[in-house]
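Visitor: Following this message is one structure expressed as structure tokens.
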Amino acid sequence: MAGGADAARLGPGERAAALAALAGTEYQVLVVGGGVVGAGVALDAAARGLSVGLVEARDFASGTSSRSSKLIHGGLRYLEQRNFGLVREALTERALLLERIAPHLVRPVSFLFPLTHHGWERAYIGAGVSLYDLLGRSLGQVRGLPGHRQLSRRGALRLAPALKRSAFTGAIRYWDAQVDDARYVINLVRTAAGYGARAVSRTEVTGFLREGERVTGVRAVDLETGAGLEIRAQQVVNATGVWTDEIQAMVGGRGVINVRASKGVHLVVPRDRIHSSTGIVVRTPASVLFVVPWGRHWIVGTTDTDWSLDKAHPAATRADIDYVLGQVNRVLAVALTRDDVAGVYAGLRPLLSGESDLTSKLSREHTVAHPVPGLVMIAGGKYTTYRLMARDAVDAVAHGLDGRVPPSCTDAVPLAGAAGYPALWNARYRLARSSGLHVARIEHLLRRYGSMTGEILDLVASEPGLGRPLAAADDYLRAEIVYAASHEGARHLDDVLSRRTHISIETWDRGLSAATETAGLLAGPLGWNSCHVDREIGYYRARIDAERASQDAEDDQAADAIRLEAPDIVPVVGQAGPPGGAGGREASAPQAMPSAGGLGGREASPPQASADMAPG
Ligand SMILES: Cc1cc2nc3c(=O)[nH]c(=O)nc-3n(C[C@H](O)[C@H](O)[C@H](O)COP(=O)(O)OP(=O)(O)OC[C@H]3O[C@@H](n4cnc5c(N)ncnc54)[C@H](O)[C@@H]3O)c2cc1C
């Protein structure tokens, strides 16, 4: 990275070294939570020269930060709520991410806003979008983001022939940006690690170390081995999103931040089901619904309903899916049906509550709190403004540290893969010729790895078989799977099928036919034997079966119960066994566990789907 650190490699060896370092050193800052906010805090603090640790209980980005609408936006509807400051702030971030921080991962996307009334609506929406464009230029004109355009019905149909003629009178086309949310987080973590942060996934914080009232670190469990560890830190930052209450309970006393979870469900449908060259926004009774281009697919969503059940696996119901289909079908000439849906995912918004009973009206702004000395809590906000949240959290940390801490500089820190990206993009035909890969494949790699694409090409050069696409998910090269484990912190099959790639939502069978080849490729870098490979596949299959069944359930309670029948391959401490079994979700007792076989006595029953599975 020009002017910065190199992107760190996050393989199994690096994880072991990071765990050893975390247990043996006092850090200035320890971040709890490896979503976009926690990873952002780690980078902000490391780039200020502080010593930083980061612990994530599951996989990086496995919470809300891989389940968003994947938009980097100001939020047109916040203009309607007259929240101009919030919109301007978010649009300034959009410009920074597009131009400087992550041009390889964030890119422009256009939306068509169909109008349903003549006259006043065009003027009203047009004024809003003009203001949106204006607020978006606080850093000057952004490449690839032209101003909005007013379109007649005929003009709109030319761009989006899929629209139903009778459903609209004309349209406005405007521009925003989109991101691969899960990959962005792993790039953030790698960038932070490049600046010296020690980051580990599958390590759950189970309690705090205290000196009187002061927090002096955390107790944690390496969930892969069951080993307990204590990590000392001058300041702990809690960035656990919808899990904030659980962390507050560990501190004791009344929580200072009130976070409420609101479920949002998205559907993934193949590109050919909606004939359009632009994204579409549809007004809904409560909010808006986006149709976002996503490679060979569209992402359609979302819903907005209260959720108080399992936070790690929010489940979509039949009603959620029907709602999304019903809303999008209002504007489509050929209605989508459930048969058109290739993938479904659900996420939980961490909303700061207290303003209204309607979650769609709650504030998207963030809060930083300092409930006891040594602990900073950060919550709320949205993906787009993660960098500002991180900056504010580290500013609060700085008050509690001895000595002067420099101001945040992340507005000038490109993420791993960003430096030199435009020039590499221009050189893509040459790269295609020299690597023997098709230029479309090189473009795909550049958009996922930026200037680290060379590391994938090196893998292919050393083992040409890795240059072949996966048989059952041919958007991805076999080399990308190996790289996910050796460089990107992936530890399980699900990490790769759901977050390093998106095979789990982009294929009709949700990644099941790609599972065997993928697990086989992971076996090398992760040191798995054939029993372990089978075990990974069995757990993944059980997850997909449970998810599919839950999507036929009528309500949240039923869907949640069905989804939880598939245990996690690495259950967190508070989720020791399958529902109904001893322990259950409420179990506490953060004990150090024996390391035999990885999970000791806590291992959840293996799923029935894999009768031939042996203990891993
Ligand atoms: C449906 C939906 C659509 C959205 N769309 C957009 C959008 O288009 N644009 C936008 O800007 N924003 C969007 N958002 C909001 C955005 O996604 C979130 O604000 C953001 O991802 C929250 O990040 P986070 O890091 O706070 O939380 P998370 O990503 O949930 O991270 C918290 C992490 O803490 C970990 N953790 C919890 N407990 C512990 C523990 N004890 N020990 C260690 N780790 C722990 C969790 O495993 C988790 O990984 C959307 C949200 C949803 C739900």
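FYI, my numbering numbers position 554 of the sequence shown as 554, with every residue one higher than the one before it.
We put the CB at the ideal spot given by N, CA and C, even for glycine.
Remember, it's a predicted structure, so these values are computed and weren't measured experimentally.
1) Drop a sphere of 10 angstroms on the beta-carbon of F113, count the other beta-carbons inside from all chains shown, and report buried for 16 or more, exposed for fewer.
2) What does a CB cutoff of less than 8 Å around A432 pick up in its chain, not counting 5 residues either side in sequence?
3) Taking just the CA atoms, how far does G255 sit from A249?
4) I believe I280 touches F168 by the beta-carbon criterion, under 8 Å. Please report the beta-carbon distance rounded to the nearest angstrom.
5) Report all residues from its chain with a CB closer than 6 Å to the CB of A20; omit the five preceding and five following residues, and keep chain order.
6) G140: beta carbon under 6 Å from a heavy atom of ligand 1?
7) With distances taken from CA atoms, which of P314, A471 and V341 is nearest R273?
8) Straight-line CA distance for P350 to D339?
9) Just checking my contact of A61 with G35 at CB under 8 Å: how many whole Å lie between their CB atoms?
10) Put F84 into one of helix, strand or coil per three-state DSSP.
11) So, under 8 Å CB-CB, L206 and A227 are touching, yes? Tell me the CB distance rounded to an integer number of Å.
12) A102 and V142 - do their beta-carbons sit closer together than 7 Å?
13) So, at 6 Å on beta carbons, what are the nonlocal neighbours of R15 in its own chain, with the 5 sequence-adjacent residues on each side left out?
14) Could you please give me the residues that DSSP links to G207 through a beta bridge?
15) Do L209 and ligand 1 come close, with the Cβ less than 6 Å from some heavy atom?
16) Could you round the C-beta distance between I378 and V237 to whole angstroms and report it? I think they count as a contact, below 8 Å.
17) Taking the runs of the beta strand (DSSP E) that are 3 residues or longer, which of them lie wholly in the region 299-359?
18) With a threshold of 8 Å, are at least 3 pairs of Cβ atoms found where one atom belongs to the region 115-133 and the other to the region 407-420?
19) Given this structure, state the Cα-to-Cα distance separating R468 from L43, to the nearest angstrom.
20) Pop quiz: P314 and G347 are said to be a contact at Cβ under 8 Å. What is the actual Cβ separation, rounded to whole angstroms?
21) Any chance the CB of W243 is under 6 Å from a heavy atom of ligand 1?
22) Quick check: what's the CA-CA separation for I247 versus E224?
23) Do R190 and A57 come within 7 Å of each other at the CB atom, strictly closer than that value?
24) If contact is defined by three or more beta carbon pairs under 8 Å, each pair taking one atom from either stretch, is the region 147-154 in contact with the region 181-197?
25) Is the region 158-168 touching the region 469-479, taking contact as three or more C-beta pairs under 8 Å?
26) I'd like to confirm something about S65: is its beta-carbon nearer than 6 Å to some heavy atom of ligand 1, or not?
27) If you draw a straight line from the alpha carbon of T359 to that of V268, how long is it in whole angstroms?
28) With DSSP run on the structure shown, which of helix, strand or coil describes L76?
29) Examine the Cβ distances between the region 171-184 and the region 400-408 and report whether three or more of them are shorter than 8 Å.
30) Of the choices R543, A549 and E554, whose alpha-carbon is the least far from that of P567?
31) In whole angstroms, what separates the C-alpha of R330 from that of S68?
32) Looking at C-beta atoms only, is the number of pairs between the region 386-394 and the region 24-41 that lie closer than 8 Å three or more?
33) Compute the Euclidean distance between the alpha carbons of L466 and S498, then round it to the nearest angstrom.
34) Give the secondary structure of R232 by DSSP, where H, G and I count as helix, E and B as strand, and everything else as coil.
35) Counting along the chain, where does the alpha helix (DSSP H) carrying D245 start and finish?
36) Go ahead and pull the three-state DSSP assignment for Q141.
Guide: According to the structure shown:
1) It counts as buried.
2) Closer than 8 Å at the Cβ level, and outside the excluded window around A432, lie H438, V439, R441 and I442.
3) Spanning the two alpha carbons is a distance of roughly 7 Å.
4) Going by Cβ atoms, the distance from I280 to F168 rounds to 10 Å, so no, they are not a contact pair.
5) Cβ neighbours of A20 beyond the five flanking positions: none.
6) For ligand 1, not one heavy atom lies less than 6 Å from the Cβ of G140.
7) In terms of CA proximity to R273, V341 leads the group P314, A471 and V341.
8) Straight through space, the alpha carbons of D339 and P350 are spaced by roughly 31 Å.
9) The C-beta separation of A61 from G35 comes to about 6 Å, placing the pair in contact by the 8 Å criterion.
10) In the structure shown, F84 sits in a helix (DSSP, three-state: H, G or I).
11) A small correction: the amino acid at residue 206 is Thr; Leu does not occupy that position in the sequence shown. Contact flag wrong, Cβ pair sits at about 12 Å.
12) No. Outside cutoff.
13) Excluding residues within five positions, the ones whose Cβ falls inside 6 Å are V200.
14) DSSP, once it has assigned bridges, lists R219 as partnering G207.
15) No; taking the cut-off as 6 Å, the Cβ of L209 has no heavy atom of ligand 1 nearer than that.
16) Contact holds; Cβ gap of about 6 Å.
17) Runs of the beta strand (DSSP E) lying entirely within the region 299-359 and spanning at least 3 residues, in chain order: 343-352.
18) With the rule of 3 Cβ pairs closer than 8 Å, the region 115-133 does not count as touching the region 407-420.
19) Looking at the two C-alpha atoms, the distance is approximately 35 Å.
20) Taking C-beta atoms under 8 Å as the contact rule, P314 and G347 qualify, at a distance of about 7 Å.
21) Yes; taking the cut-off as 6 Å, the Cβ of W243 has a heavy atom of ligand 1 nearer than that.
22) One C-alpha to the other measures close to 21 Å.
23) Cβ distance not < 7 Å, so A57 and R190 don't count as in contact.
24) The region 181-197, when compared against the region 147-154, does not touch it at the 8 Å Cβ threshold.
25) No, because fewer than three Cβ pairs between the region 158-168 and the region 469-479 fall closer than 8 Å, the two stretches do not touch.
26) Yes, ligand 1 has a heavy atom inside 6 Å of this Cβ.
27) The predicted model places T359 with a pLDDT of 45, which falls under 50 and marks its position as unreliable; any figure quoted below should be read in that light. Cα to Cα, T359 sits roughly 24 Å from V268.
28) In the structure shown, L76 sits in a helix (DSSP, three-state: H, G or I).
29) These segments do not touch.
30) Each of R543, A549 and E554 was checked against the Cα of P567, and the nearest Cα belongs to R543.
31) R330 and S68 have their C-alpha atoms spaced approximately 23 Å apart.
32) The answer is yes - the region 24-41 touches the region 386-394, with three or more Cβ pairs under 8 Å.
33) Using only the alpha carbons, I get a separation of about 20 Å.
34) If DSSP states are grouped into helix, strand and coil, R232 belongs with the strands.
35) Counting along the chain, the alpha helix (DSSP H) containing D245 begins and ends at T244 to V251.
36) Q141 falls in the coil class under three-state DSSP.
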